[in-house]
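See structure below.
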Amino acid sequence: MNLKELINKADSLQASEKRVYLQEWEAGMPVESGSSAAARQAKQKRKSHSLSIRRTNSTEQDRSGLQRDMIEGQDSKLPLSLRSNLLDLFSQIEREFENLYIENLELRREIDTLNDRLAAEGQTFEGADLAKGALKTKASHSTSQLSQKLKTTYKASTSKIVSSFKATTSRAVCQLIREYVGHRDGIWDISVTRSQPVVLGTASADHTAMLWSIETGKCLLKYMGHQGSVNSIKFHPTEQVALTASGDQTAHIWRYLVQLPTPQPVADISQTPCEDDVDFSDKDEADGEVEGPNDCPSVRVPTTTLRSHQGVVIAADWLVGGKQVVTASWDRAANLYDVETSELVHSLTGHDQELTHCCTHPTQRLVVTSSRDTTFRLWDFRDPSIHSVNVFQGHTDTVTSAVFTVGDNVVSGSDDRTVKVWDLKNMRSPIATIRTDSAVNRISVSVNQKIIALPHDNRQVRLFDMSGVRLARLPRSNRQGHRRMVCCSAWCEDNTSCNLFTCGFDRQAIGWNINIPALLQEK
Numbered sequence: 001m002n003l004k005e006l007i008n009k010a011d012s013l014q015a016s017e018k019r020v021y022l023q024e025w026e027a028g029m030p031v032e033s034g035s036s037a038a039a040r041q042a043k044q045k046r047k048s049h050s051l052s053i054r055r056t057n058s059t060e061q062d063r064s065g066l067q068r069d070m071i072e073g074q075d076s077k078l079p080l081s082l083r084s085n086l087l088d089l090f091s092q093i094e095r096e097f098e099n100l101y102i103e104n105l106e107l108r109r110e111i112d113t114l115n116d117r118l119a120a121e122g123q124t125f126e127g128a129d130l131a132k133g134a135l136k137t138k139a140s141h142s143t144s145q146l147s148q149k150l151k152t153t154y155k156a157s158t159s160k161i162v163s164s165f166k167a168t169t170s171r172a173v174c175q176l177i178r179e180y181v182g183h184r185d186g187i188w189d190i191s192v193t194r195s196q197p198v199v200l201g202t203a204s205a206d207h208t209a210m211l212w213s214i215e216t217g218k219c220l221l222k223y224m225g226h227q228g229s230v231n232s233i234k235f236h237p238t239e240q241v242a243l244t245a246s247g248d249q250t251a252h253i254w255r256y257l258v259q260l261p262t263p264q265p266v267a268d269i270s271q272t273p274c275e276d277d278v279d280f281s282d283k284d285e286a287d288g289e290v291e292g293p294n295d296c297p298s299v300r301v302p303t304t305t306l307r308s309h310q311g312v313v314i315a316a317d318w319l320v321g322g323k324q325v326v327t328a329s330w331d332r333a334a335n336l337y338d339v340e341t342s343e344l345v346h347s348l349t350g351h352d353q354e355l356t357h358c359c360t361h362p363t364q365r366l367v368v369t370s371s372r373d374t375t376f377r378l379w380d381f382r383d384p385s386i387h388s389v390n391v392f393q394g395h396t397d398t399v400t401s402a403v404f405t406v407g408d409n410v411v412s413g414s415d416d417r418t419v420k421v422w423d424l425k426n427m428r429s430p431i432a433t434i435r436t437d438s439a440v441n442r443i444s445v446s447v448n449q450k451i452i453a454l455p456h457d458n459r460q461v462r463l464f465d466m467s468g469v470r471l472a473r474l475p476r477s478n479r480q481g482h483r484r485m486v487c488c489s490a491w492c493e494d495n496t497s498c499n500l501f502t503c504g505f506d507r508q509a510i511g512w513n514i515n516i517p518a519l520l521q522e523k
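Take a look at the structure:
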């Protein structure tokens, strides 16, 4: 071997060593720092390591001596001392690679042992086999990946088992009973009458509101008095009177008279095989034209029209007693009206952006309004001479709804994917926070057990208690449940067949039977 070949070999070996250290640095392994002192210390350590090997290994010494004799026997213009130094460098590089190769073999054996253990447990790790001759850095990095894979696989398997158990439990205690189909566009709001006869009301973007028989799913009456999307529907506490809010910048009060049909046998839809989280095709039956009820009577003229808003009226509700109503609008104001005279009593201003919802307390003269300005406001009308207001800034995105409970709590939901429970006596900070994976729309809280029903943008409906503990997720599959965004939920605990109702932009409302005692027992 001539001198030129030796120099080329030295260059190639040095380049290989640089690549090794570069790979170590990229893999996060400790390498030499840029300071000269650290570099010198590392060099001395490697040199001492190689010298110790030479002292204890006579074979290596013999081989080095033989190589030195071969170099001395070759014609070269380089001094003998320089050629000896080159030989020492080559020997050190060779030993470094030899050490790396040995450690790589040990790591490969450890990986094979782990793979055998996984195979015995019925699991495999993809890509565990390393290429022959791989360096220590690759083996170390792969070992780290394997460790992470083991943790992930364990967590995923455990989570899958728990999720499967919860899904089975949810189907047992939460059953889909009936679907209410007839609207030609998405349904924004849903409500149940608080007096006899008990019927279901829906407000839709198709400019109509409908009343339904809960037991049969038949449309009993259609209100067609609005010129825009009907965004909200609420029923009078004691009379057969409905209040609707619309995109035509008005709110209507109208009377209804319905006769309940004879109940039909309930078809057990919930027994249909269910696979959670199965996505629908964009061309499912919800995109087709739905024929509305042809024999459904209609009302076209309201008894009272409330006008004063300069924008879409997004929501409306009755104050306790039913003599006054409050409306919320995109003109950033909420208005309080006298029902008998239709006069504007108060204009509630202060929100910086459009309002999204309003709700009244069931037993006190309190109103809460929600807005896109990330706040909700509590208006107190209990003292006729003082109308106080409190502003709450607990969310980071649009507050889609805030509702009262029978007690002293307010529950707010937001597009920031959280739901917060507040105490009216101390509303500086929430007493519970529920974090979800999707924006929350118009929530409702059951009267007796205070169970919160959360309708989501991702077509799911989840149930939580007031302390933030998740109780169930309503079953949803390609055969049942909502196919589009769920807009609103409403409880009706006194009904024996359906005690929870939801509606969405798939143009349907759904009646659910929630076995509340079993649900609370499993908690």
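Just so you know, full-length UniProt numbering puts 293 at position 293 of the sequence shown, and the rest follows in order with no gaps. Even glycine gets a Cβ: it sits at the ideal position worked out from N, Cα and C.
**Asked** Would you report the Cα separation of VAL181 and ALA328, rounded to the nearest angstrom?
**Response** The residue given as residue 181 occupies position 181 in the sequence shown. The residue given as residue 328 occupies position 328 in the sequence shown. Distance between the alpha carbons of VAL181 and ALA328 is about 28 angstroms.
**Prompt:** Going by DSSP, which residues form a beta bridge with ASP189?
**Reply:** For the purposes of this step, residue 189 is taken as residue 189 along the sequence shown, with counting starting at 1. BP columns for ASP189 point to ALA203.
**Length at least 3, wholly inside the region 293-341: the beta strand (DSSP E) runs in chain order** = Those beta strand (DSSP E) runs which fall completely within the region 293-341 and span 3+ residues are 304-307, 313-318, 324-329, 334-338.
**Message:** If you reduce the DSSP assignment to three classes, tell me which class ASP101 lands in.
**Reply:** Here residue 101 refers to the residue found at position 101 of the sequence shown. The amino acid at residue 101 is misidentified as Asp; the sequence shows Tyr. In the structure shown, TYR101 sits in a helix (DSSP, three-state: H, G or I).
**Asked** Cβ of ILE514 within 7 angstroms of Cβ of GLU179?
**Response** Along the sequence shown, one-based indexing puts residue 514 at 514. Along the sequence shown, one-based indexing puts residue 179 at 179. In terms of Cβ geometry, ILE514 and GLU179 do not form a close pair [threshold 7 angstroms].
**Item:** Residues bridged to SER370 [DSSP beta-bridge criterion]
**Value:** Within the sequence shown, numbered from 1, the residue matching residue 370 stands at position 370. Paired residues: HIS357, PHE376.
**Request:** Check the C-beta distance from TYR337 over to LEU306 and give it rounded, since I have them as a contact under 8 angstroms.
**Result:** Here the question's residue 337 lines up with position 337 in the sequence shown. Here the question's residue 306 lines up with position 306 in the sequence shown. About 5 angstroms separates the CB atoms of TYR337 and LEU306; that is less than 8 angstroms, so the two are in contact.
**Prompt:** Should PHE404 and HIS456 be called a contact, given that it needs their Cβ atoms to be closer than 7 angstroms?
**Reply:** Locating residue 404 in the sequence shown gives position 404, counting from the first residue. Locating residue 456 in the sequence shown gives position 456, counting from the first residue. Their beta carbons are not under 7 angstroms apart, which means PHE404 does not touch HIS456 by this criterion.
**Cross-strand partners of MET427 (DSSP beta bridge)** = Stepping through the sequence shown from its first residue, residue 427 is reached at position 427. In the DSSP output, where bridge partners are listed per residue, MET427 has none listed.
**Asked** How about ALA334 and PHE376: are their beta carbons less than 7 angstroms apart?
**Response** Start at 1 with the first residue of the sequence shown, and residue 334 comes out as number 334. Start at 1 with the first residue of the sequence shown, and residue 376 comes out as number 376. Here ALA334 is not near PHE376, since their CB atoms are 7 angstroms or more apart.
**Asked** GLY499: which of ASP380, ILE451, CYS296 sits nearest, CA to CA?
**Response** Taking the first residue of the sequence shown as 1, we reach residue 499 at position 499. Note on identity: in this sequence residue 499 is Asn, with Gly being the wrong assignment. Closest by alpha carbon: ILE451.
**Which of helix, strand or coil DSSP assigns to ASN231** = Here residue 231 refers to the residue found at position 231 when the sequence shown is read from its first residue. Secondary structure at ASN231: strand, using DSSP grouped into helix, strand and coil.
**Prompt:** If ALA490 sits next to SER444, beta carbons under 8 angstroms apart, how far is it from one beta carbon to the other, in whole angstroms?
**Reply:** Taking the sequence shown and counting its residues from 1, the one referred to as residue 490 is at position 490. Taking the sequence shown and counting its residues from 1, the one referred to as residue 444 is at position 444. Going by Cβ atoms, the distance from ALA490 to SER444 rounds to 5 angstroms, so yes, they are a contact pair.
**Asked** Between which two residues does the beta strand (DSSP E) carrying PRO517 extend?
**Response** Within the sequence shown, numbered from 1, the residue matching residue 517 stands at position 517. Unbroken run through PRO517 is the alpha helix (DSSP H), 516-522; no beta strand (DSSP E).
**Residue closest to THR341, alpha-carbon to alpha-carbon, out of THR303, SER370, THR369** = The residue given as residue 341 occupies position 341 in the sequence shown. Answer by Cα proximity: THR303.
**Asked** Run through DSSP, which three-state label would ASN409 get?
**Response** In the sequence shown, counting from the first residue as 1, residue 409 sits at position 409. Strand, per DSSP.
**Message:** Distance check for GLN353 and VAL399, CA to CA, integer angstroms please.
**Reply:** Along the sequence shown, one-based indexing puts residue 399 at 399. Along the sequence shown, one-based indexing puts residue 353 at 353. Rounded to whole angstroms, VAL399 to GLN353 spans 11 angstroms at the Cα level.
**Prompt:** Where VAL326 and THR436 are concerned, what is the direct C-alpha to C-alpha distance, given to the nearest angstrom?
**Reply:** As a position in the sequence shown, residue 326 is number 326, starting the count at 1. As a position in the sequence shown, residue 436 is number 436, starting the count at 1. When rounded, the distance between both Cα atoms is 30 angstroms.
**Asked** Along the chain, where does the beta strand (DSSP E) that runs through MET210 open and close?
**Response** As a first step, residue 210 must be located in the sequence shown, where it is residue number 210. It spans 209-212 - the beta strand (DSSP E) in which MET210 sits, taken as one unbroken run.
**Prompt:** Do you know how far the Cα of GLY413 is from the Cα of ARG442?
**Reply:** Position 442 of the sequence shown holds residue 442. Position 413 of the sequence shown holds residue 413. Going from the Cα of ARG442 to the Cα of GLY413 covers about 7 angstroms.
**Prompt:** For THR496, which option in GLN310, SER438, TRP512 has the closest C-alpha, if you only look at C-alpha atoms?
**Reply:** The residue you call residue 496 lines up with position 496 of the sequence shown. Considering only alpha carbons, the answer is TRP512.
**Prompt:** Can the beta-carbon of ILE187 be found closer than 7 angstroms to that of SER204?
**Reply:** Residue 187 sits at position 187 when you count from the first residue of the sequence shown. Residue 204 sits at position 204 when you count from the first residue of the sequence shown. Between ILE187 and SER204, the gap from beta carbon to beta carbon is short of 7 angstroms.
**Request:** Specify, as a first and last residue, the run of the beta strand (DSSP E) that ASN390 falls within.
**Result:** Within the sequence shown, residue 390 is the residue found at index 390, counting from 1. 386-392 is the extent of the beta strand (DSSP E) around ASN390.
**Request:** Give every residue of the same chain whose Cβ lies closer than 7 angstroms to the Cβ of SER371, excluding the five residues on either side of it in the sequence, and list them in chain order.
**Result:** As a first step, residue 371 must be located in the sequence shown, where it is residue number 371. Excluding residues within five positions, the ones whose Cβ falls inside 7 angstroms are HIS351, GLN353, GLU354, LEU355, THR356, VAL399.
**Message:** For the structure I just gave you, are there three or more beta carbon pairs, one from the region 206-224 and one from the region 251-264, closer than 8 angstroms?
**Reply:** Cβ pair count under 8 angstroms is three or more, so yes.
**Request:** Output yes or no for whether 7 angstroms exceeds the beta carbon distance between GLY228 and GLY247.
**Result:** Numbered from 1 along the sequence shown, position 228 holds the residue referred to as residue 228. Numbered from 1 along the sequence shown, position 247 holds the residue referred to as residue 247. The answer is yes: Cβ separation under 7 angstroms.
**Asked** Quick one: Cα of ILE233 to Cα of CYS358, how far?
**Response** Numbered from its first residue, the sequence shown carries residue 233 at position 233. Numbered from its first residue, the sequence shown carries residue 358 at position 358. A straight-line Cα-Cα distance of about 12 angstroms links ILE233 and CYS358.
**Request:** Measure the alpha-carbon distance for VAL199 versus VAL339 and round it to whole angstroms.
**Result:** To locate residue 199, count along the sequence shown from 1; it is residue 199. To locate residue 339, count along the sequence shown from 1; it is residue 339. In this structure, the straight-line span from the alpha carbon of VAL199 to that of VAL339 is close to 23 angstroms.
**Message:** Give me, in chain order, the residues of the same chain whose beta-carbon lies closer than 6 angstroms to that of GLN521; leave out the 5 immediate sequence neighbours on both sides.
**Reply:** The residue given as residue 521 occupies position 521 in the sequence shown. Closer than 6 angstroms at the Cβ level, and outside the excluded window around GLN521, lies no residue.
**Message:** Between ARG479, HIS309, GLN460, LEU348, which has its C-alpha nearest VAL391's C-alpha?
**Reply:** As a working note, residue 391 is residue 391 in the sequence shown. Taking VAL391 as reference, the option from ARG479, HIS309, GLN460, LEU348 with the minimal CA-CA separation is LEU348.
**Message:** Quick check on ARG108: does DSSP put it in helix, strand or coil?
**Reply:** Residue 108 sits at position 108 when you count from the first residue of the sequence shown. Helix, per DSSP.
**Request:** Can you check DSSP and say which residues form a bridge with GLY511?
**Result:** Taking the first residue of the sequence shown as position 1, residue 511 is located at position 511. For GLY511, which the question treats as bridged, DSSP gives the partners ARG178, PHE501.
**Item:** Whole-Å CB distance - ARG507 paired with ASP185, under 8 angstroms assumed
**Value:** Along the sequence shown, one-based indexing puts residue 507 at 507. Along the sequence shown, one-based indexing puts residue 185 at 185. Indeed, because the Cβ distance is near 6 angstroms, the residues count as touching under 8 angstroms.
**Straight-line gap, ARG300 to TRP330 (C-alpha atoms, nearest Å)** = On the sequence shown, position 300 is the one that residue 300 refers to. On the sequence shown, position 330 is the one that residue 330 refers to. Their backbone Cα atoms lie some 25 angstroms apart in a straight line.
**Prompt:** From this set, PRO384, ARG365, VAL368, HIS395, which residue's C-alpha is nearest THR374's C-alpha?
**Reply:** Here residue 374 corresponds to residue number 374 of the sequence shown, with the count starting at 1. Selected option, being the one with the closest Cα: HIS395.
**Message:** Measuring straight from C-alpha to C-alpha, what distance separates GLN310 and GLN249?
**Reply:** Numbered from its first residue, the sequence shown carries residue 310 at position 310. Numbered from its first residue, the sequence shown carries residue 249 at position 249. Going from the Cα of GLN310 to the Cα of GLN249 covers about 7 angstroms.
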